[in-house]
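Each residue of the sequence shown is one higher than the last, beginning at 3 in UniProt numbering. These notes are about the structure you will find just below.
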Amino acid sequence: QLQNVGVVGLTVMGKNLALNIESRGYNVSVFNRTYERTEKFLENEAKGKNFVGNEKIEDFVASLEKPRAILLMVKAGKPTDATIDTLLPHLDEGDILIDGGNTFYKDTIERNEKMKERGIHFIGTGVSGGEEGALNGPSIMAGGSKEAYEHVEPLLKAISAKVNEEPCAAYTGPDGSGHYVKMVHNGIEYSDMQLISEVYFILKNVLKMSGEELHEVFAEWNKGELDSYLIEITADIFKKEDDVNKGTLLVDNILDTAGQKGTGKWASQSALDLGVPQSIITESVYARFISALKDERVKASKELNGPEAEEFQGSKEELLEQLRQALYFSKICSYAQGFAQMGKASEEYNWNLDYGNIAMIFRGGCIIRAQFLQKIKEAYDREPKLDNLLLDSYFKNIANDYHKSLRKVIALAIEQGIAVPALSSALAYYDSYRSERLPANLLQAQRDYFGAHTYQRLDKEGTFHTEWQEITQKTDQ
Ligand code: NDP
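Pasting the structure below:
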């Protein structure tokens with residue numbers, strides 16, 4: 003009997019996705035470069051289930067019904083190329099390769115082209131949700147051949163997360179679009195986490211909140227506009243006592259140096275390439291970099307002064323509400339940047355991304371899942387060609403009200419010497435975006451002065467250049 007689906011790569015993600023696929027009624031054939039991993043899988047998690055394991059790649063390919071649908075869950079980069087190279091000689095025209103790894107979108111664009119030449123359908127899909135999502139239902143952002151997507155759509159929808167019974171899996175557009183959307187998703191995940199962490203630090207250092215109080219604040223926030231997976235797990239984190247230092251919180255004993263796998267950085271790099279502002283994600287990446295300078299920071303903390311920490315004199319209730327509003331509003335700014343970035347990429351690569359649909363697939367399975375994604379969907383339903391989320395009626399109302407709280411919170415943090423790079427860049431973005439005039443007129447004058455780069459005028463059409471030195475010489479005389 004031929005198997006319905008093939009999975010290559012049986013570490014954390016591949017193994018759990020394979021189990022997920024099998025649990026939806028599919029027969030699954032599996033392959034892993036190192037056969038021991040396959041054997042272990044068959045002896046343990048896969049025991050008694052509809053799996054076939056293969057030691058040789060040719061047997062793996064031969065075990066699949068045609069057109070073959072093969073999900074690759076291997077290390078991104080060269081290992082993915084190496085895996086494709088071993089598969090290719092055994093594949094037939096019309097077979098479908100689905101790369102579910104965290105692949106850089108430009109690699110997906112290239113592979114898509116190469117596979118097209120060989121008559122193989124290629125789908126590059128973002129899979130979000132980590133180990134738990136892979137097993138129970140991830141968010142799936144698939145880009146590539148539309149025809150091939152339609153063939154595997156029932157499978158991808160079956161294994162994906164569901165919100166109100168709607169699957170969190172969708173076709174995003176051609177070639178690298180799925181991996182691009184996943185990359186921006188990961189960047190947004192960085193900024194969501196950083197914004198929450200900055201607010202936590204104010205609660206802890208200004209309001210001197212205990213773990214129990216922090217838990218209560220986040221649990222309460224999770225019932226309203228901020229309702230999301232990251233707020234929920236943050237509330238949980240403040241309840242976890244340390245097993246080593248009894249009577250203390252685990253989070254207080256964790257080294258304040260953040261790791262990263264680089265996908266947040268990719269989002270920033272792409273924003274720079276496209277010429278779109280992506281300051282909040284970028285500051286969040288920098289915040290992780292500076293956290294990694296632990297030894298230097300310890301030294302500097304003894305050498306460099308900040309303001310004297312003053313006891314907070316204001317109303318605690320008022321500050322809590324300001325923090326809640328500041329967090330929600332800065333999160334909105336971050337999504338506004340993320341969706342604007344996807345808009346620019348969509349234009350650049352002709353992807354025709356459907357932003358409302360993207361918001362919908364982010365609602366379940368993935369780390370950034372949140373109630374407010376429904377509001378983004380509604381905003382794009384109201385105006386599919388919306389320039390910026392901040393201009394939608396719902397988000398505009400929030401912005402016009404909550405910006406005041408964000409200002410108060412940032413001012414307080416500055417007074418207390420607490421770094422809030424992501425919150426501050428959210429406000430700087432907002433204030434720049436809503437400004438009819440920016441000081442770029444002076445930049446243009448400077449550029450024209452030293453480099454004759456020319457400038458345009460507010461009051462008439464055309465390109466102008468001024469001999470600035472003559473003017474200054476005259477005024478000097
Ligand atoms: P890894 O990224 O650690 O990848 C391990 C797999 O890649 C193994 O099957 C390994 O085979 C194979 N592999 C490594 N090098 C090569 C090579 N040179 N040639 C052929 N195969 C190779 O595993 P994960 O399960 O963590 O992730 C799988 C993919 O999913 C990655 O692209 C990852 O970025 C992505 N992803 C991971 C998430 C997570 O939370 N972990 C979330 C979403 C996506 P062998 O056993 O022989 O070494």
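All residues carry an ideal CB built from backbone N, CA and C; glycine is no exception.
Can you find the residues in the same chain that come closer than 6 Å, C-beta to C-beta, to residue i, ignoring five residues on each side of it along the sequence?
i, result
"Ala361", "Leu375, Ile378, Lys379"
"Phe220", "Ile233, Thr236, Ala237"
"Gln271", "none"
"Ile239", "Val253"
Could you compute how far the alpha carbon of residue i sits from the alpha carbon of residue j?
i, j, result
"Tyr282", "Glu323", "One detail in the question is off: residue 282 reads as Ile in this sequence, not Tyr. If I take the Cα positions, the gap works out to 22 Å."
"Ile42", "Gln3", "The amino acid at residue 42 is misidentified as Ile; the sequence shows Lys. Lys42 and Gln3: Cα-Cα distance of roughly 23 Å."
"Leu274", "Gly266", "13 Å"
"Arg35", "Ser426", "47 Å"
"Ile369", "Lys462", "50 Å"
"Val14", "Glu133", "6 Å"
"Gly419", "Asn104", "37 Å"
"Ala150", "Asn255", "49 Å"
"Val54", "Thr82", "22 Å"
"Thr465", "Ala289", "41 Å"
"Leu325", "Tyr107", "36 Å"
"Leu252", "Ala237", "13 Å"
"Pro91", "Glu38", "24 Å"
"Asp383", "Leu393", "14 Å"
"Thr250", "Thr259", "19 Å"
"His455", "Arg371", "46 Å"
"Pro140", "Ile161", "7 Å"
"Gly453", "Thr284", "30 Å"
"Ser31", "Asp356", "34 Å"
"Phe397", "Pro279", "19 Å"
"His153", "Leu391", "34 Å"
"Thr85", "Glu115", "17 Å"
"Ala338", "Glu319", "29 Å"
Nearest to residue i by alpha carbon, out of the options?
i, options, result
"Leu329", "Thr88, Tyr151, Val10, Glu200", "Glu200"
"Ile111", "Cys335, Asn352, Ala413, Tyr457", "Asn352"
"Gly366", "Asp83, Cys170, Gln471", "Cys170"
"Glu47", "Leu21, Ala160, Asp87", "Leu21"
"Val183", "Ala71, Asn18, Asn354", "Asn354"
"Gln373", "Asp101, Phe62, Gln196, Ile233", "Ile233"
"Ile142", "His181, Ile235, Lys398", "His181"
"Gly96", "Lys118, Glu319, Asp87", "Lys118"
"Phe33", "Lys58, Gly50, Leu19, Asn52", "Lys58"
"Leu73", "Asp244, Asp101, Leu228", "Asp101"
"Asp94", "Asn399, Glu155, Ala64", "Ala64"
"Glu472", "Thr456, Gly358, Tyr451, Ile239", "Tyr451"
"Met185", "Asp109, Ile161, Phe314", "Asp109"
"Arg70", "Lys51, Lys77, Val10, Asn52", "Val10"
"Ser179", "Lys210, Gln446, Ser25, Gln343", "Gln343"
"Cys335", "Val208, Trp223, Tyr435", "Tyr435"
"Gly135", "Phe364, Glu385, Glu319, Leu445", "Phe364"
"Val165", "His153, Gly189, Asn138, Leu321", "Asn138"
"Tyr404", "Leu429, Asp389, Leu257", "Leu429"
"Tyr432", "Gly358, Ser332, Ile412, Asn443", "Ser332"
Where do the N-terminal and C-terminal ends of the beta strand (DSSP E) with residue i fall, by residue?
i, result
"Ile100", "98 to 101"
"Thr174", "171 to 175"
"Ile72", "71 to 74"
"Asn56", "53 to 56"
Which first and last residues belong to the alpha helix (DSSP H) in which residue i is found?
i, result
"Val154", "148 to 161"
"residue 493", "Missing from the structure shown is residue 493; the chain here goes from 3 to 479 and no further."
"Ile125", "Ile125 -> not in any alpha helix (DSSP H); beta strand (DSSP E) instead, spanning 123 to 130."
"Ala260", "First-last for Ala260: undefined, no H or E at that position."
"Phe62", "59 to 64"
"Phe452", "442 to 453"
"Ser434", "423 to 435"
"Phe341", "318 to 351"
"Phe43", "37 to 45"
Please work out which residues of its chain come closer than 8 Å, Cβ to Cβ, to residue i, disregarding the five sequence neighbours upstream and downstream, and give them in chain order.
i, result
"Glu67", "Leu4, Gln5, Asn6"
"Lys263", "Asn104"
"Asp244", "Thr250, Leu251, Leu252, Asp254, Asn255"
"Glu24", "Val30, Ala48, Lys51, Asn52, Phe53"
Would you please verify whether the beta carbon of residue i is less than 7 Å from any beta carbon of chain D?
i, result
"Val76", "No chain D is part of this structure, which consists of one protein chain only."
Whose C-beta lies closer than 7 Å to the C-beta of residue i among residues of the same chain, with five residues either side of it excluded?
i, result
"Lys17", "Phe43, Glu47"
"Arg459", "Phe466"
"Ser293", "Asp258, Thr259, Ala260"
"Ser130", "Pro140, Ser141, Lys184, His187, Gly367, Cys368, Ile369"
"Val287", "Tyr192, Gly266, Lys267, Ser270"
So does the region 166 to 179 actually touch the region 340 to 355, counting three or more Cβ pairs closer than 8 Å? yes
Kindly confirm or deny that the region 117 to 125 and the region 137 to 148 touch, where touching means at least three C-beta pairs closer than 8 Å. yes
Cβ contact (3+ pairs, closer than 8 Å) linking the region 211 to 221 and the region 301 to 308: no
Closer than 8 Å is the cut-off here; do at least three beta carbon pairs connect the region 194 to 208 with the region 421 to 438? yes
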